[in-house]
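Colleague: Sending over a structure as structure tokens; questions will come in a sec.
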Amino acid sequence: METQLDPMKDDLPLMANTNYILVKHYILDLDVDFQSEVIEGNIVLFLEAVSQYRKTSSTDKECCQLQLEETCKERASVPCHIPVTSVSACSSNPEYNDFALSGKGEEDTFEKIGNRSNKEQTSGISSSKDCCDTEDHGNEDFLLVLDCCDLSVLRVEEVDVATVSGIEKFTKSAKLTGVSKDLENLRNQIIHELVSLPADRWKEQHYYFTLCSQAPGCGQLLFTTGTWSLEIWKSGIQTPTDFPHAVRIWYKTKPEGRSITWTSDQSGRPCVYTMGSPINNRALFPCQEPPVALSTWQASVRAAEDFVVLMSGENSAEQVQLQEGISSWYYYVTMPMPASTFTIAVGCWLEVKQQSFTTAVQANAEFSLPSSQVDFRWCGEICGHVEYPCRFKNPAARLQAVIPYRVFAPWCLMERCKECLLQLIPQCLSAAYTTLGTHPFSRLDVLIVPSNFSSLGMASPHIIFLSQSVLPGGNHLCGTRLCHEIAHAWFGLAIGARDWTEEWLSEGFATFLEDIFWARAQKLSQDEVKGQQELKALLRWRRLRDEVQNSEEELQVLRPKKESTGEVSESGASVVKHGLRAEKIFMQVHYLKGYFLLRSLARIIGEASYLASLRKFIHKFHGQLVLSQ
Ligand SMILES: [Zn+2]
């Protein structure tokens, strides 16, 4: 019944109504099945109403009241449509028997929903649905809108977090009187206290998030899926404040879903991994895609025991055997990041290890700097981001020139990785550290991805995908690409773009910095550095000239949305201009224009003071989103 995607459509819609409610934490609990090419399980969302909606002022209430009265009058003459996509999901709960519809009515309802979704896709902007809005929905219930496509949503339920043992300590002043309204408030208050815990209590927080995610359900929620979204509501709940703050969604991916690709590695073994842009993770789990929705996550993923599961996570997870033939992998992050940065790869890869323990120790000793050289200047500065256990404030993390790293590759590429990639990683990490200071992330996995991977590399928190095509080119190709992806830890990840059309913010910086990192990693002389960088600039200039001559001018603009960059609709929805244009992924114009802009700045004020100002910029804006204005 879902609307077909329009392949001619240029712009990527971001549907989530993040101006009303935000996901603060996700818990994923998934099984990966290579036979059916399906990932199945559940995700629990821990939500927080956006502060302006947390308390409705009296004037707002009046406004709501007025509109509601008007709508009620209108509705008297209009038959009420109650959208139900999955009758079976609802019929299991007697509470929703009222919504059982006759065959004819059901068709009408489906059509109505389909039309609405089409309309939204066309404009790309979700019509605003706040507590007052009743126009499209047929009633005044608040809608949680998530970005979602190509997923089979099986069931959505409210989670009864009040049943978790030990959770009483988060209830503070709330008194439980047994009235159902009070119980709902209590559950939401628990989540509010839990998501607001200070950074130094993150372990306790994750412990209770996990317990809450396993708590029983306490009533199914109504939902409907559109082409680009999943809408969830609870009958009679009109505001984000009253909407359940812990929601569990049971779902499975579809083999054709475009967030992940099922393929074989270079040794012929099956594997699956996330593709990143353009549609990011919305076909892997329902989420809030707009970058303003910064969240943390925990994920448990199970697969057959000969597979490794790699993921964006602060811990270097090891497999835990569950039962005969099945292993589980657990990862978490404590730094809030856009859901689009979540990355997973599951395959029969092997870890490429150093020859012996002693070489590993030597390599690390070589890169630990005497403390006098370490960048202590910013010690007193306060971070500008929301609270999390930030490495910039952690003295031990600030001393770490080389973060722990692992390399994974298919069996047939192990030797090649051992020869070049493995030695290059500590050199490049150390060069990045001496250039920019503290590594924003605690560790790094590097994976040689299957040959169907469409670019040379992709950076995500804690994990870098590298194409096999960087391996045979000798150290230079592999090293520069590695440096480029490492630079994204600062520019693109720790400091993200608030508007995805401004990709030059991350790509321009990464392209500019890859030269500097790589020169330092090779320990070149000043003259050699200059020669190498001039040559690269020339090559890039030619590439840029060709591309500017041979591509549409509209696609070359660094800020496609001009003065309206970063703007979203009232609900928080927006579109990524040209986000779905196929030719865009092959274009480097944003990398190159950004690079030349930064290069010319560096030449004007001198590289040393330019890099000093970059470090200042990092200390001010890490953990936050920026716009180029
Ligand atoms: Zn910080």
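Take 23 as the starting number for the sequence shown in our numbering and just add one per residue. Using N, Cα and C, we set each Cβ at its ideal position, and we do this for glycine too.
Following the continuous beta strand (DSSP E) through Glu373, name the residue where it begins and the one where it ends.
Modeller: Its beta strand (DSSP E) spans residues 372-374.
Colleague: Within 10 angstroms of the Cβ of Ser547, are there 16 or more other Cβ atoms? Answer buried if so, exposed if not.
Modeller: The residue in question, Ser547, is exposed, as its Cβ has fewer than 16 Cβ neighbours within 10 Å.
Colleague: CA-CA distance, Ile508 and Leu515?
Modeller: Cα-Cα distance, rounded: 10 Å.
Colleague: Which same chain residues end up closer than 7 Å to Thr363 when comparing Cβ atoms and leaving out the 5 residues on each side of it in sequence?
Modeller: Here the set comprises Ser334, Ser482, Pro483, Leu515.
Colleague: Between the alpha carbons of Ile517 and Phe430, how many angstroms are there, rounded?
Modeller: Approximately 27 Å between the Cα atoms of the pair.
Colleague: So His215 and Phe192 are supposed to be a Cβ contact under 8 Å. How far apart are they, rounded?
Modeller: One point to set straight first is that residue 215 is Glu, not His, in the sequence displayed. Rounded, the Cβ-Cβ distance is 4 Å, consistent with contact.
Colleague: Where Met359 and His644 are concerned, what is the direct C-alpha to C-alpha distance, given to the nearest angstrom?
Modeller: Those two C-alpha atoms are separated by around 11 Å.
Colleague: Is Phe265 closer than 9 Å to Cys293 when the C-beta atoms are compared?
Modeller: Taking 9 Å as the Cβ cut-off, Cys293 and Phe265 do not qualify as a contacting pair.
Colleague: For the putative contact between Leu647 and Ala541, defined by C-beta atoms under 8 Å, what is the C-beta separation to the nearest angstrom?
Modeller: About 30 Å separates the two Cβ atoms, so there is no contact after all.
Colleague: For Val323 and Asn302, I'd like the C-alpha separation in whole angstroms.
Modeller: Cα to Cα, Val323 sits roughly 19 Å from Asn302.
Colleague: Label His498 either buried or exposed according to how many other C-beta atoms from any shown protein chain fall within 10 Å of its C-beta, with 16 as the threshold for buried.
Modeller: Exposed, because fewer than 16 other Cβ atoms sit within 10 Å of the Cβ of His498.
Colleague: Using a Cβ-Cβ cutoff of less than 6 Å, which residues in the same chain neighbour Ser349 once the five nearest sequence positions on both sides are dropped?
Modeller: These residues qualify, in order along the chain: Glu327, Gln341, Gln343.
Colleague: Can you tell me which of the three DSSP states Gly369 falls into?
Modeller: In the structure shown, Gly369 sits in a strand (DSSP, three-state: E or B).
Colleague: Given this structure, state the Cα-to-Cα distance separating Leu619 from Ser317, to the nearest angstrom.
Modeller: Approximately 32 Å, taken between the alpha carbons.
Colleague: May I ask whether a heavy atom of ligand 1 can be found less than 8 Å away from the beta carbon of Gly645?
Modeller: Indeed, a heavy atom of ligand 1 lies less than 8 Å from the Cβ.
Colleague: Can you name, in chain order, every residue of its own chain whose Cβ lies under 8 Å from the Cβ of Lys276, other than the five neighbours on each side?
Modeller: So the list reads Val60, Asp172, Leu173, Ser174, Ala305, once near-sequence residues are dropped.
Colleague: If I measure Cβ to Cβ from Glu278 and keep anything under 8 Å in the same chain, skipping five residues before and after, which residues do I get?
Modeller: Cβ within range, chain order: Asp172.
Colleague: Do you know how far the Cα of Arg465 is from the Cα of Asn337?
Modeller: Near 8 Å, if we compare the C-alpha coordinates of Arg465 and Asn337.
Colleague: Roughly how many angstroms lie between the CA atoms of Cys112 and Glu253, to the nearest whole one?
Modeller: Residue confidence is low: Cys112 scores 33 on pLDDT, short of 50, so the model does not pin down where it sits. Its coordinate-derived value is still stated next. So the alpha carbons of these two residues sit roughly 15 Å apart.
Colleague: At what residues does the beta strand (DSSP E) containing Glu253 begin and finish?
Modeller: Element bounds for Glu253: 251-255.
Colleague: What is the DSSP secondary structure of Pro358, reduced to helix, strand or coil?
Modeller: DSSP places Pro358 in strand when its eight states are reduced to three.
Colleague: Does DSSP put Cys170 in a helix, a strand or coil?
Modeller: Three-state result, Cys170: coil.
Colleague: Let me know if Gln449 comes out buried or exposed under the rule of 16 or more other beta-carbons within 10 Å of its beta-carbon.
Modeller: Answer is buried; the Cβ neighbour count reaches 16.
Colleague: Taking the alpha-carbon of Thr456 as reference, which of Ala543, Cys500, Asn416 has the nearest alpha-carbon?
Modeller: Here the closest residue by C-alpha is Ala543.
Colleague: I want to check one thing, is the minimum distance from the CB of His407 to the heavy atoms of ligand 1 below 8 Å?
Modeller: Within the cutoff, so yes.
Colleague: Trp284 to Met297, Cα distance in whole Å?
Modeller: Going from the Cα of Trp284 to the Cα of Met297 covers about 10 Å.
Colleague: For Leu515, which three-state DSSP category applies?
Modeller: Here Leu515 sits in coil by DSSP.
Colleague: Which residue comes first and which comes last in the beta strand (DSSP E) that contains Thr40?
Modeller: Run containing Thr40: none; DSSP gives neither H nor E here.
Colleague: For Pro417, count neighbouring C-beta atoms within 10 Å of its own C-beta (all shown protein chains included) and say buried if the count is 16 or more, exposed if not.
Modeller: Classification of Pro417: exposed, given that the 10 Å Cβ count is below 16.
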